[in-house]
Amino acid sequence: FFKRPNAPYPIGSFLTCCNKSSVADAVEFFSKNRGKFTIYAHPSTLHPIKDHSTRGIWLGPSMPLDLSFFNKTRDKPLICNSDAVDGPE
Numbered sequence: 012f013f014k015r016p017n018a019p020y021p022i023g024s025f026l027t028c029c030n031k032s033s034v035a036d037a038v039e040f041f042s043k044n045r046g047k048f049t050i051y052a053h054p055s056t057l058h059p060i061k062d063h064s065t066r067g068i069w070l071g072p073s074m075p076l077d078l079s080f081f082n083k084t085r086d087k088p089l090i091c092n093s094d095a096v097d098g099p100e
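Numbering (my numbering), first residue to last: 12 to 100.
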């Protein structure tokens, strides 16, 4: 959970993960339960700029993202239980 902007997102955010077989269920859940919040769902591949620019889906109003934060590629995709996706303590 990030209370303040955390690149590439312009506002505070919350991160959660799901596997490929759960994406449709996750999108349906967040579509029905997002309330006043905007949700941005995207894959986590070796290409973070594409993941955040052309491969994501907005549920609610879209927002500009700061893609300059990313390298063009990653050595390996992020996984849900890695330190790379954990928020601050």
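We treat Cβ as the ideally placed atom computed from N, Cα and C, and that holds for glycine. Owing to the predicted nature of the structure, the values given are computational and were not obtained by experimental measurement.
Closest to residue 46 by C-alpha separation, out of 77, 17 and 70, would be which residue? Walking along the sequence shown from the start, residue 46 turns up at place 35. Closest option to residue 46, Cα to Cα, is 70.
Under a three-way DSSP split, which group does residue 17 fall into? Here residue 17 is taken as the residue at index 6 of the sequence shown, counted from 1. Correct three-state label for residue 17: strand.
Let me make sure I understand the geometry here. Which of 15, 12, 19 and 56 has the alpha-carbon closest to that of residue 78? As a position in the sequence shown, residue 78 is number 67, starting the count at 1. Ranking the options by Cα distance to residue 78, first place goes to 19.
Would you call the stretch 53-63 and the stretch 71-90 touching, i.e. three or more CB-CB distances under 8 Å? Because the criterion of three Cβ pairs below 8 Å is met, the stretch 53-63 and the stretch 71-90 touch.
Start and end residues, alpha helix (DSSP H) containing residue 60: Looking up residue 60 in the sequence shown gives position 49. Unbroken alpha helix (DSSP H) run through residue 60: 59-64.
Residues in the same chain with beta-carbon distance under 6 Å from residue 99, minus the five sequence neighbours each way, listed in chain order, please. As a working mapping, residue 99 is identified with position 88 in the sequence shown. With a pLDDT of 41 at residue 99, under the threshold of 50, the predicted position of this residue should be treated as unreliable, though the coordinate-derived value follows. If the five residues before and after residue 99 are omitted, its C-beta is found closer than 6 Å to no C-beta atom of its own chain.
So residue 55 is in the alpha helix (DSSP H); what residue range does that whole segment cover? By one-based count along the sequence shown, residue 55 stands at place 44. Counting along the chain, residue 55 sits inside no alpha helix (DSSP H), nor does DSSP assign it H or E at all.
For the beta strand (DSSP E) containing residue 70, name the first residue and the last one. Translated into positions along the sequence shown, residue 70 becomes position 59. 68-70 is the span of the beta strand (DSSP E), which, as asked, contains residue 70.
Among the residues of its own chain, which have a CB less than 8 Å from the CB of residue 15, if the five just before and after it don't count? In the sequence shown, residue 15 corresponds to position 4, counting from 1. So the list reads 23, once near-sequence residues are dropped.
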